[in-house]
Amino acid sequence: MSYVLITTELELIEACKAFSTEKFIAIDTEFKRETSYFPIPCLLQMSASSGTVCIDLLAIQDLSPLEYILFNQDILKIFHAARQDLELFYYMFNQVPSPIYDTQIGASFLGNDNQIGYANLVKKELDITLDKSQTRTDWTKRPITKKQLDYAANDVIYLFKLYLKQQQELTELSRLSWCEHDFQRLTDIALYKPCTESAWTKVKNYHRLTTEQKCTVYELAKWRESEAISNNKTRNAILKNTALLDIAYKTPSSIKELEGINDLSHRIINTQGSELLSIISSSKQMDATQCPCPQEYSKLSETQLILIKTILQLIESKSQSNNIDSTVICSKKELEKVIRGKRDSILFDDWRFELVGKEILHQLQA
0 MSYVLITTEL ELIEACKAFS TEKFIAIDTE FKRETSYFPI PCLLQMSASS GTVCIDLLAI
60 QDLSPLEYIL FNQDILKIFH AARQDLELFY YMFNQVPSPI YDTQIGASFL GNDNQIGYAN
120 LVKKELDITL DKSQTRTDWT KRPITKKQLD YAANDVIYLF KLYLKQQQEL TELSRLSWCE
180 HDFQRLTDIA LYKPCTESAW TKVKNYHRLT TEQKCTVYEL AKWRESEAIS NNKTRNAILK
240 NTALLDIAYK TPSSIKELEG INDLSHRIIN TQGSELLSII SSSKQMDATQ CPCPQEYSKL
300 SETQLILIKT ILQLIESKSQ SNNIDSTVIC SKKELEKVIR GKRDSILFDD WRFELVGKEI
360 LHQLQA
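The sequence shown stops at residue 365 when you use numbering that gives the first Met the number 0, and every number in between is there.
Below you can see the structure in the form of structure tokens.
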């Protein structure tokens, strides 16, 4: 296996110059996120006809030369399961690479599971078994070992080969445009912007709460998200879900009552207890209309349940005749939103509308 480890700014500049003339570049990243809100960029791998490089992102201060590669509209960036990589680049450069190609999405249009992993896809398509021993490695540790670098380089060397194979197969099936619509959705910058207003969606069983409890959870989750972002800590490090929900159930009004909350650390009580009590108090004054009440959890009628079953059968039939996983067309959760009235669904856009969306819309109107 041949690759070059890049550890200096000068080496990075030279590597980016060499890759700047490429039309297609396979890209992968290694990062750490277990103890922080934002991922820590550790390694970036690139592979193309000119060679393969592993770039030590912790060793190089000025990473700006990468911008010409990542955001060059004349260079197609190839990923596998691109979303986390794109999120990392958004946090690093405040923009999302494009145009892109995702071999996981490409594989889903060729009869594979829509969540197929890279190693499994390489084995299936190229009959090569990859070493998985470094999957859980700590990429912040230095020096990087040869075993780590071999693992990282393999993630892009075979990625490039997968792309070339998929391109040919998708072109023969006239499905390349199907993929491209899904690729474009992944480059929507709104997917990666932190949003405190939607932080309540990270709290499990929110929909089971009373309106008053929802208001408390909504305000606390918004505060927790803001604290996590500003301090670059995980949500749990700020306030665990168990503590957040227990506060909503018990609505404490004093420091002493806060001490009775499950999983609420003494550090938080001592340093931010008064702030928490203020948030709890103000949440009680909220109007019910200010609190998110997701329609997707409302109970479906018997007629709607029958309609869902009928449409799922239609989707399954279409998926089988086209040799694609039914969830690639539409998940059951997305379909339930459509049944409840959502019309800006992926079902009514692009290739999905032509394949099955028209028929579904006709059934809904009927």
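Positions of the beta carbon are idealized from the N, C-alpha and C atoms, including for glycine.
Anyone know if the C-beta pair for residue i and residue j falls short of 9 Å?
{"i": "Pro251", "j": "Glu224", "result": "no"}
{"i": "Ile104", "j": "Asn113", "result": "yes"}
{"i": "Leu129", "j": "Asn111", "result": "no"}
{"i": "Leu161", "j": "Leu208", "result": "no"}
{"i": "Ser325", "j": "Leu311", "result": "yes"}
{"i": "Leu370", "j": "Arg174", "result": "Residue 370 lies beyond the stretch modelled for the chain, which goes from 0 to 365, so this question has no answer here."}
{"i": "Leu43", "j": "Tyr191", "result": "no"}
{"i": "Ser281", "j": "Glu211", "result": "no"}
{"i": "Lys308", "j": "Thr215", "result": "no"}
{"i": "Ile99", "j": "Thr186", "result": "yes"}
{"i": "Ala151", "j": "Glu8", "result": "no"}
{"i": "Leu346", "j": "Glu333", "result": "yes"}
{"i": "Thr34", "j": "Ala236", "result": "yes"}
{"i": "Ile143", "j": "Thr102", "result": "no"}
{"i": "Ser107", "j": "Ile323", "result": "yes"}
Kindly list the residues whose CB is nearer than 8 Å to the CB of residue i, restricted to its own chain and excluding five residues on each side of it in sequence; keep chain order.
{"i": "Met45", "result": "Ala14, Phe18, Ile24, Ala25, Ile26, Thr51, Val52, Ile54, Ile68, Val155"}
{"i": "Glu274", "result": "Trp222"}
{"i": "Asp348", "result": "His180, Gly356"}
{"i": "Ile188", "result": "Tyr89, Gln94, Val95"}
{"i": "Leu87", "result": "Thr28, Phe30, Pro38, Pro40"}
{"i": "Leu276", "result": "Pro251, Ser252, Ser253, Ile254, Leu257"}
Excluding the five sequence neighbours on either side, which residues of its own chain have a C-beta within less than 6 Å of the C-beta of residue i, listed in chain order?
{"i": "Tyr90", "result": "Phe37"}
{"i": "Gln72", "result": "none"}
{"i": "Ser97", "result": "Thr186"}
Could you tell me how far apart the beta carbons of residue i and residue j are, in whole angstroms, since I believe they sit closer than 8 Å?
{"i": "Cys292", "j": "Lys201", "result": "About 17 Å; that fails the 8 Å criterion."}
{"i": "Ile328", "j": "Leu354", "result": "7 Å"}
{"i": "Lys249", "j": "Thr139", "result": "With 8 Å as the limit, Lys249 and Thr139 do not qualify as a contact, their Cβ atoms being about 39 Å apart."}
{"i": "Leu4", "j": "Leu148", "result": "6 Å"}
{"i": "Thr288", "j": "Asp262", "result": "That belief does not hold up - the Cβ atoms of Thr288 and Asp262 are roughly 31 Å apart, past 8 Å."}
{"i": "Leu11", "j": "Ile59", "result": "6 Å"}
Go through its chain and collect everything with a Cβ distance to residue i's Cβ below 7 Å, but skip five positions before and after it.
{"i": "Ile268", "result": "Ile254, Leu257, Glu258"}
{"i": "Ser49", "result": "Ala17, Phe18, Glu21"}
Distance cutoff 9 Å, beta carbons only. Does residue i sit that close to anything in chain C?
{"i": "Gln60", "result": "Absence of chain C from the displayed structure is noted, only one protein chain being present."}
Give the DSSP-derived three-state secondary structure of residue i in the structure shown.
{"i": "Gln44", "result": "strand"}
{"i": "Phe37", "result": "coil"}
{"i": "Val202", "result": "coil"}
{"i": "Gly259", "result": "coil"}
{"i": "Ile309", "result": "According to the sequence shown, residue 309 is Thr rather than Ile. If DSSP states are grouped into helix, strand and coil, Thr309 belongs with the helices."}
{"i": "Glu29", "result": "strand"}
{"i": "Val121", "result": "helix"}
{"i": "Ile68", "result": "helix"}
{"i": "Val52", "result": "strand"}
{"i": "Leu75", "result": "strand"}
Shorter than 8 Å, the distance from the beta carbon of residue i to the closest heavy atom of the ligand MN, or not?
{"i": "Leu120", "result": "Because no ligand of any kind appears in the structure shown, any question about the ligand MN cannot be addressed here."}
Touching or not, the segment 298-310 and the segment 228-240, by the rule of three or more beta carbon pairs under 8 Å?
no
Pair every Cβ in the segment 130-141 with every Cβ in the segment 160-174, then say whether three or more of these pairs are closer than 8 Å.
no
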